[in-house]
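J.:
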Amino acid sequence: MAKVQKGLVGWQYTVGLGSGASIENNENTPRRSSRRGISTTSSEADQLVLRRELDNMEIKQGDCILVDTDSELPEIALIKEISFGTDYFINLKVYWFYRISEIDSTKLVDESQREGLNEDSIPEGYTTNDIFLCPSVEKILATEIINKCKVISQKTLESIVLDESNFDSTYVCRRITDTDGDYFSDFIDWDEFQQEARDDGDEFYQTMKRISADPSVSRVRKQSSVSPQKSEKKKTKDPVRSYAESDQELSFSEASETYDSEEEEDELSDDEEVLDGSPKKRKLHTLKSRKKPSPKKKKSSSPFKTAQLDYSKKHKVPELRFPTVSRRLQFDVMNSELQDEEGQEELLKTGRTTKNFRKARKKLHTSSKLQSLPCREQEFDAIYGSLETAIKAQTGCCLYVSGTPGVGKTATIREVIRQLSSELARNCNGISQFNYVEINGLKLITPQAAYELLWEKISNTSVTSAHALTLLEEHFEKNDKHRKPMVVLLDELDQIVSKNQTVMYNFFNWPSYSTSKLIVIAVANTMDLPERMLTNKISSRLGLTRIQFPGYTFNQLSEIIKHRLEKLSRVNEGKLIISKDAIEFASRKVASVSGDARRSLMICIRALEIAEMEFLCKDQETRDQLDGKYTVTIMHIMKAVNETVSSPIANYLNSLSFVSKMVLASVLLRKKRTGLAELQLGEIIDELNNQFHLIMLNDLNKILNEEQLELLKVMYGDDSRLRVSGLNFILKDLEENGIIVQQQLKAERLRLLRLSVSEDEIISCFKKDSLLKDIVIET
Amino acid sequence: MTRELEHDCIDETFEKHIKLKVLSNLTNRTTSGTKKIKLYNLENERLEIYKMLENTIRFNEGKSCLLIGPRGSGKTTLINNVIIELTEKYGKSFFIIRLNGLFQDNDKNAVKEIARQLDWQVMDPNVAADATFEKLSVNATMTTIMSLLDRSRLNEDDDEEVEEEEEYDIPIIFLLDEFERYTNSSKQTLLYNLFDIAQVNHSSRTSPIAVIGLTSKTTVREQLEKRVKSRFSQRVIQINKAKNMDEFIEYVKTLLKVEVDDDELNSNGDLQSCLNQYHECIDELISNKGGELRKMIVENYYTIKDLNSLKNSLIPFIMDLKISEFNDKSYKFSRTDFKNESFELLKSISELELQLLICSARQCLKNSLETINFNVSFEEYERLARKQNNTLNSQLQTMGNIKYTTPTSSRDLMLTCWENLIQVGLLIEPTRQTNGINLHFYTGGENNKMYHCDLNLEDIMKYFQSVSGSGNEGSSEYSWVEGWCRL
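Protein sequences, first through last, are from chains R and Y. Counting in the UniProt record's numbering, the first sequence runs from 1 upward without gaps. Counting in the UniProt record's numbering, the second sequence runs from 1 upward without gaps.
1) From the beta carbon of Val-111(Y), is the nearest beta carbon of chain R less than 8 Å away?
2) Taking just the CA atoms, how far does Ala-607(R) sit from Glu-377(R)?
3) According to DSSP, is Pro-135(R) part of a helix, a strand, or is it coil?
4) Using 8 Å for Cβ pairs, my map puts Arg-174(R) next to Ile-188(R). What's the rounded Cβ distance?
5) To the nearest angstrom, report how far apart Tyr-126(R) and Ile-578(R) are at their CA atoms.
6) Let me know the secondary structure DSSP gives Tyr-331(Y) once reduced to three states.
7) In this structure, how does DSSP classify Val-641(R) when only helix, strand and coil are distinguished?
8) Any C-beta of chain R sitting closer than 8 Å to the C-beta of Phe-343(Y)?
9) Within its chain, find whatever has a CB closer than 8 Å to the CB of Lys-773(R); leave out the 5 residues flanking it on each side and keep chain order.
10) Compute the Euclidean distance between the alpha carbons of Asp-619(R) and Gln-154(R), then round it to the nearest angstrom.
11) Going along the chain, which residues of the region 65-83 of chain Y sit with their C-beta nearer than 8 Å to a C-beta in chain R?
12) Any beta-carbon of chain Y closer than 8 Å to the one on Lys-299(R)?
13) Taking a cut of 8 Å between CB atoms, which residues from the region 636-654 of chain R lie near chain Y?
14) Note down the Cα distance separating Cys-453(Y) from Arg-411(Y), rounded to an integer number of angstroms.
15) Among all the DSSP beta bridges, which residues are the ones paired with Ala-210(Y)?
16) Give a yes or no on whether the minimum CB-CB distance between Glu-54(Y) and chain R is below 8 Å.
17) Do you know whose CA, among Phe-380(R), Val-401(R), Ile-739(R), Asn-500(R), lies nearest Arg-418(R)'s CA?
18) Between which residues of its own chain and Ile-76(R) is the CB-CB distance below 8 Å, once the five residues before and five after are set aside?
19) So, helix, strand or coil for Leu-92(R), using DSSP?
20) Quick one: what does DSSP say Glu-342(R) is sitting in, helix, strand or coil?
21) So, is the C-beta of Ile-304(Y) closer than 8 Å to a C-beta in chain R?
22) Kindly give me the distance between the Cβ atoms of Ile-730(R) and Ser-666(R), rounded to whole angstroms, as I take these residues to be in contact under 8 Å.
23) Among residues of its own chain, excluding the 5 on either side of Leu-42(Y), which ones have a beta-carbon nearer than 8 Å to its beta-carbon?
24) Between Gln-423(Y) and chain R, is any beta-carbon pair separated by less than 8 Å?
25) Out of Pro-135(R), Gln-743(R), Glu-58(R), point me to the one whose CA is closest to Lys-80(R)'s CA.
26) Can you check whether the C-beta of Glu-748(R) is within less than 8 Å of a C-beta belonging to chain Y?
27) How would you list, in chain order, the residues of chain Y whose beta-carbon sits under 8 Å from the beta-carbon of Gly-406(R)?
28) Would Lys-89(Y) count as contacting chain R if we go by Cβ distances under 8 Å?
29) I'd like the list of long-range same chain contacts for Leu-356(Y), defined as Cβ closer than 8 Å, with 5 residues on each side in sequence excluded.
30) Between Tyr-331(Y), Thr-303(Y), Arg-486(Y), which has its C-alpha nearest Met-715(R)'s C-alpha?
31) Kindly indicate which residue of Cys-375(R), Ile-413(R), Gly-408(R), Thr-545(R) has the alpha-carbon position closest to the one of Tyr-384(R).
32) Let me confirm a value: His-693(R) is counted as buried when at least 16 other C-beta atoms fall within 10 Å, else exposed. Which label applies?
33) Shortest alpha-carbon distance to Leu-275(Y) belongs to which of Ala-242(Y), Gly-290(Y), Leu-256(Y), Leu-346(Y)?
34) What residues of chain R sit near Glu-370(Y), judged by a beta carbon separation below 8 Å?
35) Using CA atoms only, rank isn't needed, just tell me which of Pro-511(R), Tyr-205(R), Cys-428(R), Met-662(R) is closest to Gln-691(R).
36) Grab the span of the beta strand (DSSP E) containing Ile-695(R) for me, first residue to last.
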């Protein structure tokens with residue numbers, strides 16, 4: 001090359017035709033044309049081969065390489081694709097391998113064997129050179145490549161010996177993991193795999209995507225052809241409970257496949273046949289989502305499940321109502337990219353840490369689907385049971401669900417519906433057995449709009465609410481054998497209350513028609529809403545099926561947070577470290593702040609944001625030193641917690657002008673003297689005047705004298721000494737900032753004033769002010 | 001000779017140029033949001049907001065935060081600056097919806113306004129007129145917007161929608177000015193929905209949105225309804241007034257100094273020197289203790305600490321400023337007038353009216369009343385007038401046998417005065433309810449109707465003392481007031 005390309009110093013490239021002979025791209029060829037020609041075809045047959053001038057090492061698609069990422073050990077990568085790029089002349093896209101030391105190796109084995117293992121120890125049957133392919137694509141620079149390495153399969157491993165000569169360059173790949181290092185596929189034949197990677201990159205990508213995905217995710221979709229088992233995503237943050245449950249399910253659904261632990265050991269060591277059986281089928285389902293599966297998932301899909309049976313028996317899990325069906329929370333189907341490639345460009349510039357922060361935040365986000373619904377099994381069962389009975393019996397029913405904000409009411413109901421829908425549909429050849437509509441009281445402008453929504457769902461025509469009401473009435477009265485049951489979720493019920501409560505009356509009345517087949521799930525915050533707000537005729541129609549969601553206890557919450565944060569620190573490949581103390585602290589502190597899961601997680605996200613800001617504020621040099629590693633400490637979490645609990649009032653009070661502070665101080669003094677909460681402005685004016693005339697503000701006087709000003713002249717602005725200068729402005733300002741409340745009265749002196757912040761807060765602020773200390777101490 | 005003239009000419013044009021720049025700095029309409037405006041000491045806040053919005057735009061993260069700061073502290077300006085920056089970087093890849101609690105004063109109007117702004121920004125000539133977001137009924141509009149923004153609802157036909165989603169996946173930034181107004185409605189529907197969408201946002205099913213509420217109310221977070229509060233990210237960014245004098249002076253300097261583009265500088269070498277001269281002078285004036293400008297700033301700092309009123313006082317100063325003879329010695333700053341209007345009125349009412357007012361105030365004080373009617377005041381007036389008459393007569397008697405009778409003004413005349421006082425606002429009709437009866441509907445006749453007296457006796461006395469003390473012309477006119485005010 002005439003011109004040395006960025007990131008390609010010391011490298012030459014050749015364009016290979018298929019896997020056949022490669023043609024040296026000599027310098028006579030005009031670069032432009034060759035480039036153009038290649039870029040159009042490279043995706044098909046031509047493969048680029050890169051050759052290092054130094055030692056003539058050639059790399060091409062499908063090769064495994066060691067990459068220098070500034071960490072202790074070189075990273076191992078599989079080349080996905082070499083192509084001409086726009087930002088960099090050559091794009092090297094690779095899949096990463098996780099080293100066994102980088103993952104939580106307890107995940108590799110099942111529960112019974114976990115004892116005595118910690119995250120860093122290596123389970124039996126694995127070596128330190130075990131690596132796990134992960135389907136995340138990243139771009140690297142050619143200069144980062146250290147050397148080629150050899151990745152071998154299980155079979156090859158048996159035929160060779162790992163010793164010092166090849167310890168650094170030979171690795172064994174037996175299983176594939178997902179991007180989070182959380183789920184591990186069954187054993188694979190690496191040789192076949194690599195061949196596929198060499199021949200057809202895209203195909204390989206798809207295969208890998210499939211295999212690395214949690215199979216249960218997509219099982220529902222292919223159920224009819226594959227397994228009768230209903231798939232489920234049991235989201236969990238509470239490992240113990242969820243394992244217990246999964247085991248329970250297994251004991252029902254797969255009781256026939258009973259293996260002994262010893263047998264299993266055998267499989268583990270060398271038998272790949274079994275793995276090609278039923279589990280393999282599961283593997284082949286398409287993965288639409290990269291979302292993190294829960295550990296429990298992995299369990300159920302892993303080939304060795306039975307060892308858990310004993311374990312499960314020890315746990316007293318309330319008996320499932322539908323033993324034939326193991327309900328699984330389905331995966332939310334998402335078309336997320338395999339790896340957020342849009343972030344790649346930036347990645348090379350700002351370092352990987354920022355990306356890690358982002359990833360971390362995503363993990364913590366409330367809506368992120370890794371989130372599970374732990375501690376909600378009972379409620380889940382109750383709702384599921386009532387709904388299923390009603391649907392099967394083709395009758396109407398009402399269900400009242402209550403609980404404070406952020407305890408997972410809506411989320412649980414949605415999961416129930418999701419599962420019920422696919423569960424019932426599966427029993428009836430894929431035809432859904434009921435309709436479902438969600439009406440949120442706070443998302444309606446008027447309560448009556450609920451009719452419109454419901455009617456639109458039923459008939460697909462939109463009419464005015466009054467008209468919709470008549471139509472609905474007619475609809476539910478008519479006896480229609482073919483009508484499917486309709487499930488209505490009335491969220492934020494208290495907001496649908498209208499003056500004469502007709503909307504609610506109707507919604508609870510319709511289910512009582514024998515012909516309506518209407519099922520109403522009402523959700524509200526307070527348990528006694530029907531008694532407090534509704535008339536008797538409505539509460540009697542609401543029925544007695546009430547389900548209360550208790551708030552998360554301190555322990556449950558801290559378990560949730562802890563689990564998430566721990567997962568996070570593992571996932572980030574040691575780049576974003578969350579110190580153990582910090583996790584412990586966060587889980588306790590945050591959980592004690594509020595019982596609202598939503599809020600707790602937001603605090604954690606905020607802590608990460610704070611850490612990120614701090615990282616970004618460091619100059620480039622320190623950043624390089626940190627090497628993309630950044631530790632989230634207790635300090636960050638403290639800061640985030642404080643932010644949510646501390647109010648901005650203190651800051652505002654501190655920045656007030658002297659006269660404004662004096663006004664507030666006068667209010668305090670007067671308040672103390674009269675003992676009344678509400679004071680007339682006239683009194684405050686008098687008090688203020690007294691203060692200015694009587695108290696020697698020596699410090700202030702001195703300051704003002706230096707400026708050649710007189711205290712009283714400054715304060716009053718004229719000679720009458722009646723009203724402090726700008727009094728009305730100051731009062732208005734205080735009112736707008738929410739410190740005081742003023743009566744809307746034209747008469748100045750008679751206007752009533754009241755503090756709307758706590759007195760202590762003001763006092764503690766003023767005590768720090770050198771000018772006001774003396775005055776405040778009186779109070 | 002001609003050369004010198006030319007030089008002066010140039011100086012004058014520069015002077016004008018600089019002055020214009022400073023004035024535009026002082027009078028800038030911050031809400032227009034077309035030009036970046038320099039802010040002092042808000043770099044951290046800017047970075048924080050910038051990062052947050054950037055995350056929304058680039059990585060589809062839903063965000064919500066509150067920006068709290070007193071009036072005139074630069075909240076809107078700060079946001080505008082950030083948005084200008086973002087537009088420069090990302091072009092039109094995101095939408096901004098601006099709502100103001102003063103204009104869109106309830107949730108219905110706000111929803112309509114959102115739809116209207118979306119229509120405006122999406123505006124596509126190919127789309128038929130009925131495909132707009134804004135529908136005839138508010139309910140329909142709401143449904144359309146919610147279906148666009150919020151796809152977290154469980155739908156039976158999820159898969160079909162996947163395709164359409166792509167085109168709508170544009171980040172939307174909501175700016176809610178006067179945020180606290182939206183907390184007044186009991187349902188807080190708008191806030192609930194916006195925060196709800198912002199927090200369930202990672203699941204690529206919804207358009208990523210960022211919600212920024214601007215408010216001056218420090219207690220606004222407590223006003224959020226519990227469900228809304230649970231969905232709010234709890235993130236509060238606060239802007240404060242200057243903490244100490246030095247900081248305040250820095251703020252003022254930022255206001256008064258100008259930056260000139262490099263282009264302009266290059267074309268005009270002298271401009272730089274002129275500018276430097278100007279900056280030096282400003283620095284000197286501001287740090288000159290005892291100077292008028294400095295005095296004005298210090299006064300402002302200790303009393304109201306408000307940059308906006310300071311700006312108003314500075315505008316005429318800058319207009320009159322001559323860079324060549326730079327001083328503020330003779331300059332008299334017009335303080336922003338915060339005088340109490342009731343006091344100003346006192347001088348403009350007639351003597352009888354003033355007497356009647358004093359009588360009302362006397363009665364209020366004597367009997368510690370809050371409200372007073374005409375009959376009581378008139379009685380007091382008659383008594384005082386007679387007493388004054390008697391004193392005068394007895395004095396005259398000692399001098400000679402002259403009898404002087406001042407006619408006490410008739411009841412009707414005084415009633416007119418009374419009405420006048422009501423009209424100018426020194427007597428105020430109470431709006432408070434007493435015993436459940438709104439006094440507005442009192443029908444007992446004008447004579448018995450109760451009024452508040454805005455000023456008390458002490459106020460009136462002191463005011464006239466200061467007037468006569470000041471020695472201005474006409475101050476002796478009011479010498480009688482003190483006598484009347486004495487109980």
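The C-beta atom is built at its ideal place from N, Cα and C for all residues, glycine as well.
T.: Answer, in terms of the structure:
1) Yes, Val-111(Y) lies at the interface with chain R (some Cβ there is under 8 Å from its Cβ).
2) Roughly 30 Å between the two C-alpha positions.
3) DSSP places Pro-135(R) in strand when its eight states are reduced to three.
4) Going by Cβ atoms, the distance from Arg-174(R) to Ile-188(R) rounds to 7 Å, so yes, they are a contact pair.
5) Those two C-alpha atoms are separated by around 28 Å.
6) Tyr-331(Y) carries a coil assignment under DSSP once its states are collapsed to helix, strand and coil.
7) In this structure, Val-641(R) counts as helix in the three-state DSSP scheme.
8) So, interface residue.
9) By the criterion of a C-beta distance shorter than 8 Å, Lys-773(R) is surrounded in its chain by Phe-766, Lys-767, once the five residues flanking it on both sides are discounted.
10) Between Asp-619(R) and Gln-154(R), the C-alpha separation is close to 47 Å.
11) Residues Ile-68, Pro-70, Arg-71.
12) Summary for Lys-299(R): the model assigns pLDDT 35, below 50, so the residue's position carries little reliability, and this model does not support an answer.
13) The region 636-654 of chain R vs chain Y, Cβ under 8 Å: Glu-643, Thr-644, Ser-647, Pro-648, Ile-649, Asn-651, Tyr-652, Asn-654.
14) Rounded to the nearest angstrom, the two C-alpha atoms are 20 Å apart.
15) For Ala-210(Y), which the question treats as bridged, DSSP gives the partners Lys-63(Y), Ile-173(Y).
16) With 8 Å as the cut-off, Glu-54(Y) does not count as an interface residue toward chain R.
17) For the residues Phe-380(R), Val-401(R), Ile-739(R), Asn-500(R), the minimum Cα distance to Arg-418(R) belongs to Phe-380(R).
18) Take Ile-76(R), set aside five residues on each side of it, and the residues of its chain with a beta-carbon closer than 8 Å to its own are Cys-64, Ile-65, Leu-66, Val-67, Trp-96, Phe-97, Arg-99, Ile-131, Cys-149, Val-151, Tyr-171, in chain order.
19) Three-state result, Leu-92(R): strand.
20) Any reading at Glu-342(R) must be qualified, since the residue scores a pLDDT of 37, below 50, and its modelled position is unreliable; no value is offered.
21) For Ile-304(Y), at least one C-beta of chain R is nearer than 8 Å to its own C-beta.
22) In this structure Ile-730(R) is not in contact with Ser-666(R), their Cβ atoms being roughly 11 Å apart against a cut-off of 8 Å.
23) Cβ neighbours of Leu-42(Y) beyond the five flanking positions: Gly-74, Leu-78, Ile-239.
24) For Gln-423(Y), the nearest beta carbon of chain R is not closer than 8 Å to its own beta carbon.
25) It is Pro-135(R) whose Cα lies nearest to the Cα of Lys-80(R).
26) Output row for Glu-748(R): interface = yes.
27) When 8 Å is used as the limit between beta carbons, Gly-406(R) is near these residues of chain Y: Ser-230, in chain order.
28) No, Lys-89(Y) does not count as interfacial toward chain R.
29) Exclusion of the five residues before and after Leu-356(Y) leaves Ser-377, Phe-378, Tyr-381, Met-414, Cys-417, Trp-418, Leu-421 as the residues of its chain whose Cβ lies within less than 8 Å of its Cβ.
30) Comparing Cα-Cα distances from Met-715(R) to each of Tyr-331(Y), Thr-303(Y), Arg-486(Y), the minimum goes to Thr-303(Y).
31) Looking at the Cα atoms, Ile-413(R) is the closest of the given residues.
32) His-693(R) should be labelled exposed.
33) Of the candidates Ala-242(Y), Gly-290(Y), Leu-256(Y), Leu-346(Y), Leu-256(Y) places its Cα closest to the Cα of Leu-275(Y).
34) Those are Leu-750, listed as they occur along chain R.
35) For the residues Pro-511(R), Tyr-205(R), Cys-428(R), Met-662(R), the minimum Cα distance to Gln-691(R) belongs to Met-662(R).
36) Unbroken run through Ile-695(R): none, as it is neither H nor E.
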